Amino acid sequence: MTTDYAIINTGGKQYRVREGDTLAVETLEGEVGSDFTFDRVLMTSVDGKLSVGVPTVEGATVTGEIAEHGKTDKVIALRYKNKTRQRVKRGHRQNFTSVKITSISTK
Numbered sequence: 001m002t003t004d005y006a007i008i009n010t011g012g013k014q015y016r017v018r019e020g021d022t023l024a025v026e027t028l029e030g031e032v033g034s035d036f037t038f039d040r041v042l043m044t045s046v047d048g049k050l051s052v053g054v055p056t057v058e059g060a061t062v063t064g065e066i067a068e069h070g071k072t073d074k075v076i077a078l079r080y081k082n083k084t085r086q087r088v089k090r091g092h093r094q095n096f097t098s099v100k101i102t103s104i105s106t107k
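In this note's numbering, the protein residues as written are 1 to 107.
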């Protein structure tokens, strides 16, 4: 296991990733089994050399393979007004894409 890692920005969130990691991110375009390249790399640490981007690291990419598309567990939202006995119950399942990181590269 290498100690190389990168911080990427996708779907408005930041993730710290290493080669071999699997993470669930906001829905990405692409078929299951296809490669996806993350271009918004905020920071890399490769072979002990730290590179911090302003705002991104020039030429750095993180490549991953799309493992699956799916939905998260259901989140229930309840709203209740006591004197009028009004109730609203809503459920929400967020779409996600599971990505297995295959490589971290800097140029």
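Where a beta carbon is used, it is the ideal one built from N, C-alpha and C, also for glycine. Here the structure is a predicted model, which is why all the values come from computation and not from measurement.
Around the CB of residue 11, fewer than 16 other CB atoms lie within 10 Å, so the residue is classed as exposed. For residue 95, the pairing in a beta bridge is given by DSSP as 71.
Within the same chain, Cβ atoms closer than 6 Å to the Cβ of residue 27 are found at 95 and 97, the five residues on either side in sequence being excluded. Excluding the 5 residues flanking it on each side, residue 56 has same chain C-beta neighbours closer than 7 Å at 40, 41 and 42, in chain order. Using a Cβ distance threshold of 8 Å, residue 19 and residue 35 do not count as a contacting pair. Residue 31 is positioned such that its CB atom lies no closer than 8 Å to that of residue 7. Residue state for residue 102 is assigned as strand, using DSSP reduced to three classes.
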